[in-house]
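In my numbering, the protein residues as written are 254 to 694. Built from N, CA and C at the ideal position, the CB exists for glycine as well.
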Ligand SMILES: CC(C)(COP(=O)(O)OP(=O)(O)OC[C@H]1O[C@@H](n2cnc3c(N)ncnc32)[C@H](O)[C@@H]1OP(=O)(O)O)[C@@H](O)C(=O)NCCC(=O)NCCS
């Protein structure tokens, strides 16, 4: 279990800017853009909009969860294609759906240590460009053929291959240790925690309602860049295309379950969809922000990652990580003006909320009291991944940016963000508003 530790003794990391592309359903308008393309467009635009001179940047920490076989170091490839100097450090991080939370945590650590002052932290995902693999037998035959000295020997290498050996293999969204897909794992959680289909659909409908309202009010438009759509570049992707302003719980109730067709409760409507997109934030030391005259939107006050046995309840990581991040911040759930919980599935959010409020779970993790209930008026107030989409590596940065902007609008003092992740991991981050600066000293 994660050690609760003490608040970071080092310099505070200010979140000073952020940006994301529209989030589009995989196979749509971003199908001709790789994760590197999306990341490059995003980081270029983010740096330009920030007004921070490129020479001030120290690092780009970036991730991609389903990596291209052609690009092993997405962060460096993105950084090299932007206007940032070639001397800027870049490294790739991966923590499944919490990848850009990991990028932001690494950035905060680098700033706290005094190793860096200005860092881009984010991620990009192109599930339209997911790698297609060859079977192990075909791969072995190709290696043997490449070593063969004559044409007959080369042909001999392929003898014995069957049709199934030469069929391309798509990447699987399954948990290697359990063999279950994310959806099947969430289905098990729904059953074990008694999360009913009606509650899931009501939660999903609210996610769409809030995201649609946030677009209609212009809030999300401020946070999203425009992307010209290749190959002809005659159209512009300017908005997320998964949000539906006509989603109702009644319409969602008609959708068939997809992961357990007979008895299941999880549908395309109450799951996050496969999505393409990129998001990033700029984190900066408080001193540097002051020196450059840049006003922080928020400060990264604490973070925590946690993990459990994937064979138990795969997506309950937030219930383990959130108490640790709150303890490290010296705050409670009741202090949070906003809570943003990544929505892999409505069943996963509702399961985590149940454990947040559970005395039995509190005892299990050695706490006297449960974390508590979250006022629905403070939770995912501008929608979440079910409605907005979930480009795995970009989601954490999307949440950091979206929450920081909402904190600014509401003059919020504190916010908690969480994400579940494959491997049965969880992430939690506590953000402070600029007004709470002195209090957290
Ligand atoms: C759930 C999943 C399998 C659905 O994929 P899909 O079948 O391509 O989904 P679609 O978008 O085509 O939706 C299926 C149907 O539901 C309908 N639907 C989806 N969302 C809806 C909504 N909000 N309101 C009404 N109808 C909706 C679609 O219109 C479609 O209807 P149709 O068949 O009549 O065209 C896929 O999104 C998935 O795998 N998600 C999980 C991703 C995951 O594991 N993430 C990891 C989390 S950590």
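- Contiguous alpha helix (DSSP H) elements confined to the stretch 472-542 occur at 502-506, taking only those with 4 or more residues.
- The stretch 311-318 and the stretch 557-568 do not touch, with fewer than 3 CB-CB distances between them shorter than 8 Å.
- For residue 656, there is no enclosing beta strand (DSSP E); the enclosing alpha helix (DSSP H) covers residues 648-663.
- Inter-residue distance for residue 402 and residue 390 is about 20 Å (C-alpha atoms, whole angstroms).
- For ligand 1, a non-hydrogen atom lies closer than 7 Å to the CB of residue 526.
- Here the stretch 664-684 makes no contact with the stretch 532-549; the two share fewer than three CB pairs at distances below 8 Å.
- In the three-state scheme derived from DSSP, where H, G and I count as helix and E and B as strand, residue 675 is classed as coil.
- In the structure shown, residue 684 falls within a strand segment according to DSSP collapsed to helix, strand and coil.
- Our two residues, residue 340 and residue 395, have alpha carbons roughly 38 Å apart in a direct line.
- From the listed residues 686, 398, 483, 500, the smallest Cα separation to residue 463 is found for 500.
- Cβ contact annotation for residue 443 (same chain, cutoff 6 Å, sequence separation greater than five): 518, 600, in chain order.
- Just so you know, the alpha carbons of residue 414 and residue 407 end up roughly 13 Å apart.
- Residue 271 counts as buried, since no fewer than 16 other beta carbons sit within 10 angstroms of its beta carbon.
- Considering only 613, 513, 378, 440, the residue with the shortest C-alpha distance to residue 279 is 378.
- Residues 512, 519 of the same chain have their beta carbon placed closer than 6 Å to that of residue 436, with the five preceding and five following residues left out of the count.
- Residue 314 carries a strand assignment under DSSP once its states are collapsed to helix, strand and coil.
- With fewer than 16 neighbouring CB atoms inside 10 Å of its own CB, residue 664 falls in the exposed class.
- Per the coordinates, the alpha-carbon of residue 581 lies some 44 Å from the alpha-carbon of residue 515.
- One thing to note: residue 472 has its Cβ no nearer than 8 Å to the Cβ of residue 550.
- Of the residues assessed, residue 385 falls on the exposed side of the cut-off, its CB having fewer than 16 other CB atoms within 10 angstroms.
- Beta bridge pairing from DSSP links residue 360 with no other residue.
- In the DSSP assignment, residue 468 forms no beta bridge with any residue.
- DSSP places residue 305 outside both helix and strand once states are collapsed to three, so it counts as coil.
- Nearest neighbour of residue 328 by Cα position, chosen from 291, 454, 275, turns out to be 291.
- In this structure, DSSP gives residue 341 a state outside helix and strand, which the three-state scheme calls coil.
- Taking 7 Å as the cut-off, one finds no heavy atom of ligand 1 near enough to the beta carbon of residue 479.
- Under DSSP, residue 667 forms a beta bridge with 685.
- In terms of side-chain proximity, the C-beta atom of residue 643 is found nearer than 7 Å to a non-hydrogen atom of ligand 1.
- In its chain, beyond the 5 residues on either side, 489, 491 have a beta carbon closer than 6 Å to the beta carbon of residue 479.
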